[in-house]
Each structure stands twice: as structure tokens, then as C-alpha cells.
Amino acid sequence: MPGYRSLSAHLSGNVAEHAREAELSQRHGDPETAARLLEEALNASLRSRPEMPGWVCGRLASIYRTLKRYDDEVELLERYRESQTSEEARTRFDARLSKARAIADRKRRPVTGALETVRQVRHRSSQRRRTPSRAQQIVASTNGAALADSKGRAALRAAFCDLSASGSERMRDALTTLCADAHRENLQMEHLVSALKEAWTETPLPADFSTNEWHERYSSALVELLALYFGETPE
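Every letter in the sequence shown is one number past the one before it in my numbering, and letter 123, counting from 1, is 150.
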């Protein structure tokens, strides 16, 4: 799939094997959920730094093409290019952007008033489909809670509270364990996100933290969780 970076050959084990099988366009047969999760990761990253992370954009662009969201793919790659400060990073997806533009132009039809109305209706419908139903949210929350209860809820809470110099390493260890447990139990990504969010919600706000800083702490953990799940390092 275009832009999907393979894992390094030296990585092995269940996490690596699951990640290799987890191409976003077909992961668990639910590419719309995969796109929604990556969009959430991208938004979380942008709250911390203006440069869009390439490892997220590359995967999200691939799944947009799978979903035939060609204009979204073009817009994403253009936004990525504009967000970068180095020329090397800016040109990373140039060839891919050219191809995406060609595909979008070829697929695009003349827009009439009626066609535009149809597109708007279809877009709203697709947005509703990408938003999990209440039942799906309950299932994800239940599995996520069970995952964190049995394997790492206390570790996640402790990591969120640890504001020392070793806090980042402690969080990474807790997230690594969470990913390994989820792969072993064959749980989907939304279960990990649910486990992380519930642990964060249950953790008291540290006295030295503002509400915004506390939300940024969750956002950073979410981005790192997805990076670990896919066997890559956030840029």
C-alpha cells in the first residue's frame, strides 16, 4: 500500500508480527475506524507541535486512498508539506502527492448543484459511520477497562502522576506492556485507547498542572501509544 513503511527486520515477536499485518486499509476489516483513530492521533500531535508527524500522515493518506477519499488524501499531504520546516521533510511525500492529485483529478466529476447536495449528504453519512455507536463505545470501554484492570491500569495511573525526570520512561514502559497485552489478547486499537483514556480520567489532576497541561499529557501518551502499537517512533 502506498506510503506504508515496513517494520525493521530486527523487530520480531507478536507485536511486530501483528503490526506487519495491521495495514491500516484492511486492519480488522474496518478501515473507517483505523482512519478515525489516526485522525485523533494527528489532532493530538498538532496540539503539542506544529509539524505534522510523517508516520501518522503516511498511514492516514494510505487509508484515505483505500476509502476513495482522494481529495482528503491530497489535502492531508499538502498540509503535511506546509507544516514542515526542513526541505527534506517537506519533500518527503512529493511524489506521492503528485500521484494523489492525479487520481483526485481523474475521479472528480463536474460539480453541479444537485451533485454537490448529494456529496454533502454522503459526507454527513460517512461522518456518522466513522463515529462509533453508543453500543460500540460501550464494548470498547468494557474491553479497555478489562485490559487495564488485569494488566496495567495501576501502572498507567502511576505513570500519569509521575512528573519526575523518569516519568517519560515510566509511561513508555506502561504503554509498551499495554500494547503487548492487547496483541496477545487480539484486541483492537480502540480497546487500548479506551484503556488509556479511562486510566487518565481516573487519575487525579496533579496540583502543579493546569487543565490544558493535563489534556496535553493525555494527548502525548495517545500519540506514543499508537507509535508503539505500530512499531515506530514518533517524529
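In this text, a Cβ means the ideal position worked out from N, Cα and C, and glycines have one as well.
CB-CB length for residue i against residue j, believed under 8 Å
| i | j | result |
| --- | --- | --- |
| S110 | S247 | Going by Cβ atoms, the distance from S110 to S247 rounds to 18 Å, so no, they are not a contact pair. |
| A264 | L253 | The question about residue 264 has no answer here: the residues shown for the chain are numbered 28 through 262. |
Residues near residue i in its chain [Cβ-Cβ closer than 6 Å; skip 5 each side]
| i | result |
| --- | --- |
| R197 | A186 and D189 |
| R92 | E100 |
| W241 | L232 |
| V166 | Residue confidence for V166 is low, a pLDDT of 43 falling below 50, so the modelled location carries little weight; the figure read from the coordinates is stated next. Once the five neighbours on either side are set aside, V166 has no close Cβ partner at all. |
Within 7 Å, strictly: CB atoms of residue i and residue j
| i | j | result |
| --- | --- | --- |
| Y245 | C206 | no |
| R117 | R108 | yes |
| L65 | R86 | yes |
| L104 | F120 | yes |
| A209 | L219 | yes |
Close beta carbons around residue i, own chain, < 8 Å, minus the five adjacent residues each side
| i | result |
| --- | --- |
| A201 | G179, A182, L183, A185 and A186 |
| E251 | M198, R199, L202 and P261 |
| L124 | V101, L104, E105 and R108 |
field: the segment 223 to 243 in contact with the segment 55 to 66 per 3-pair CB rule at 8 Å
entry: No: the two stretches stay apart, fewer than three of their Cβ pairs being nearer than 8 Å.
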